[in-house]
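Residue numbers for the sequence shown follow the UniProt record's numbering, beginning at 185 and rising by one.
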Amino acid sequence: FTPPLLTGQHVLITAGPTFEAIDPVRGITNLSSGKMGFAIARAARAAGAQVTLVAGPVHLPTPRGVRRIDVRSAQNMLAIVEEKAREATIFIAAAAVADWRPATAALHKIKKDGTGDVPALEFVENPDILATVARTERARAGRLYCVGFAAESENLLEHASAKRERKGVPLLVGNIGPATFGQDDNALLLVDAQGHRELPRASKEALGHQLVAEIARRLAAV
Ligand code: C5P
C-alpha cells in the first residue's frame, strides 16, 4: 500500500480571473475560465490533500471535498490568501489576477451625460499575491511550497525562468501557447532550479494530476 501522494498536505489554490470595479455595475476582468485551477484542486484532493480553493468570478461547480472561497477583486483575493496561507503547505497561484485596477471605484453608476464626454479611467497596480506569499517567512523557511504560472506569447522558457526568479518561487509553470483561456486542454512547461520539462498537450484534468505528481516528487526530495 502506498499512501496518496499528498496525504497530510494542505494545498491552497487561486483560480479564475479577478474583477476590478469601475462603478457598482461595471468593471474590468479577463477571459480566464478557472478550469486549470479547478482541475488542480480536484487532483490535489484526489491525491489526499486538504484543499482550499480561492476562486474569482467563474462558472464552475465546486470540486467535491474542496473548500471553496469566492472572491471578486485582487485585493479580496490577497486578503483571503494571506489568511489561509498560514496553514497551507503548498500554494499554487493559478489565478489570472488583474495587473491593474481603477484607482477609485465610483460609488454610483457613472452616467452618460449626453455631451459626448467620456470618463477618463486612472489605474493603479494591484498587489502581486504570489510574490507576497513567496516572501513570507513560512515560504522562505520551506514550510510553504509556492508554485506560479505564466502565460506568455513568446520565449516561454526565458520568460518563465525570469518570472520564477522574480517571484521567488521554486516552481514556475508556463502555459504553452496558443492561448488556452476557456479551453479544456493545455500543455505545460515546468521550470525549476534544476531545469525544465514539458508536459505535452493533454486535458487540463490530466495535466492537473501530472502537476500534482510533479509537486509531490519535489516535496519528497527536500
Ligand atoms: O506577473 P504575472 O501576472 O505574469 O505572473 C503570473 C503568476 O503570478 C501567476 O501564478 C499568477 O497567479 C500570479 N499573480 C498573482 N498576483 C498578481 C499577478 C500575478 O498572484 N497580481
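Just so you know, even glycine gets a beta-carbon here, dropped at the ideal spot from N, CA and C.
Is it the case that the Cβ atoms of residue i and residue j are separated by a distance below 8 Å?
i           : j           : result
residue 203 : residue 191 : no
residue 333 : residue 277 : yes
residue 283 : residue 266 : no
residue 247 : residue 222 : yes
residue 238 : residue 217 : no
residue 292 : residue 207 : yes
residue 353 : residue 318 : yes
residue 189 : residue 397 : yes
residue 193 : residue 274 : yes
residue 380 : residue 391 : no
residue 279 : residue 322 : no
residue 224 : residue 341 : no
State yes or no: is the C-beta of residue i nearer than 7 Å to some heavy atom of ligand 2?
i           : result
residue 281 : Ligand 2 is absent from the structure shown, which contains only ligand 1.
Looking only at DSSP bridge pairs, what is residue i linked to?
i           : result
residue 370 : 386
residue 375 : 356 and 380
residue 289 : Paired residue(s): none; residue 289 is not in a bridge.
residue 309 : 284
residue 401 : Beta-bridge pairing links residue 401 to no other residue.
residue 237 : 197 and 252
residue 332 : 277 and 356
Measure the alpha-carbon distance for residue i versus residue j and round it to whole angstroms.
i           : j           : result
residue 307 : residue 287 : 5 Å
residue 337 : residue 359 : 9 Å
residue 236 : residue 386 : 25 Å
residue 311 : residue 258 : 7 Å
residue 389 : residue 298 : 50 Å
residue 384 : residue 211 : 36 Å
residue 316 : residue 302 : 36 Å
residue 313 : residue 327 : 18 Å
residue 378 : residue 347 : 15 Å
residue 197 : residue 271 : 13 Å
residue 294 : residue 300 : 14 Å
residue 403 : residue 281 : 26 Å
residue 361 : residue 335 : 8 Å
residue 330 : residue 355 : 7 Å
residue 296 : residue 289 : 16 Å
residue 205 : residue 195 : 29 Å
residue 255 : residue 219 : 16 Å
residue 233 : residue 200 : 21 Å
residue 350 : residue 375 : 13 Å
residue 366 : residue 382 : 21 Å
residue 345 : residue 357 : 9 Å
**Prompt:** Given 8 Å as the limit, is there contact between the segment 256-263 and the segment 225-233, that is, 3 or more CB pairs closer than that?
**Reply:** no
**Request:** Entirely within the segment 191-223 and at least 3 residues each: give me those beta strand (DSSP E) ranges in chain order.
**Result:** 194-199, 204-207 and 210-212
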